[in-house]
Structures are given as structure tokens and as C-alpha cells.
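Per our numbering: the sequence shown = residues 1003 to 1134. Using N, Cα and C, we set each Cβ at its ideal position, and we do this for glycine too. Everything numeric in this text was worked out from a predicted model, so none of it was measured. Presented below is the structure to which this report refers.
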Amino acid sequence: MPVQAGINARLRLTLGTPEQAALVSFAVGTLALAAYALILRLPWPPAAEMSQAPWWSWTGGVLGAFFVAVTVMLAPRLGAATMMAWIIAGQLAASIALDHFGLVGYALREASPLRMLGAALLVAGAVLVQRF
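What follows is the structure in C-alpha cells.
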């Protein structure tokens, strides 16, 4: 992830905006996945199956695009280590909430005090990485 963010941040310098860099990055990724699917001769999923997916399952690409655009903006400002420390701390906090409430298909798993302590320690680590 830090290599990808650095590459996309450099692309931003050439193209001008984080949105343009994210768009080009996603376009290249889409072409690569399409080529991979063609090489493997993967069939396109039937429309009937695609229509059965919950509405929110279609938002993954939007969230991915947002993530790439944000890392393009943050990487040059924060540096790789600080950016990754906050991403990991934030991802863990979100994961604990997803588990606790059983959201988006995850099994229920309590946000126990020790799990919360682990997340707090990661936040403390992110603070240390940013300050030093």
C-alpha cells in the first residue's frame, strides 16, 4: 500500500489533481483485471445473479476510488509511515465496529475491552510514528 500511494502521488504531480491520478490508476487497474479475466476466459456473471446482490455490495469500487484519491493527497503530506500508521489504526477501529454489529456480512464478535485496548494501542502507535 505505501508503494501504491507513492506511485499514485507521483502520478498526481504529472497529471495535476488527486482525482485525475485516482482515475488513471483505476483505469489501468480495470484494464489489467479485464486482461486477466480474458486470459483465464472467465465468464461475465449472469445479470440475474448480479441483480441479487444487496445494493451496498456495489459500493466497493466507490470506496476504493475514495481511498486511492485520499492516499494521493495524504502521502506527500504525511509520509509513508505516518499515513500507513493512521490507515491501519483506522481500519482496525472500523473492523471492530463491523464485527461488533455484524455489518456487511461479518459474524457478530463483541468489541471486548481487550480488543478496544488493542485498537487504542495502535492509535498510540500512530501518534508516536507521526511525532517521531
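Closest by C-alpha distance to R1012, out of L1065, A1049 and V1070, is V1070.
For P1048 and A1039, the gap between their C-alpha atoms comes out near 15 Å. Taken atom to atom, the span from the alpha-carbon of L1123 to that of A1087 is near 11 Å. Sequence-distant partners of G1107 (beyond 5 residues in either direction) whose C-beta falls short of 7 Å from its own C-beta are missing from its chain.
Note on geometry: alpha-carbon atoms of R1133 and A1077 lie some 16 Å from one another. Taking a 10 Å sphere around the C-beta of V1074, we find 16 or more other C-beta atoms and assign the residue as buried.
Between H1102 and A1091, the CB-CB gap reaches or exceeds 8 Å.
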